[in-house]
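In my numbering, the protein residues as written are 106 to 250.
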């Protein structure tokens, strides 16, 4: 799995990896210090995350159930992308989801407007908006009650 991960990182980030196996007599603290001091760019191993180690390096989330982690040098700058969740899907797929929600809302409006008492005393625009909101709420599991 680790060589596959390195190959994916190589293709995405465009670097040439040089993989080294750590000597068996090297301690975990020396392993972490090697990343901190620039001996290694990253390290992948089953290293326990401690407060002392977090002062020098950053740890990823576990990439295996057995706590295998990626260790990188700690950076001073932190950037937060508030719209990172949008990168989950392509723009076309997001537009398809939006179109589906709007279509489901309009379809719900057409079917329910005569029988649903909550929709009857509102304008048509308000009825359509409420129907689309109901479809969206059910899509994300939020509910609308």
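Backbone N, C-alpha and C fix where the C-beta goes; we use that ideal spot for every residue, glycine too.
Separation of the CB atoms of residue 161 and residue 141 is rounded to 4 angstroms, and the pair is thereby assigned contact status at 8 angstroms. Counting only the Cα atoms, residue 137 lies some 14 angstroms from residue 130. Nearest C-alpha to residue 181 among 128, 163, 144, 228: 163. Exclusion of the five residues before and after residue 107 leaves 149 as the residues of its chain whose Cβ lies within less than 7 angstroms of its Cβ. With distances taken between CA atoms, residue 152 lies nearest to 133 out of 133, 218, 244.
Taking C-beta atoms under 8 angstroms as the contact rule, residue 224 and residue 218 qualify, at a distance of about 5 angstroms.
Residue 150: member of the beta strand (DSSP E) spanning 147 to 150, first to last residue.
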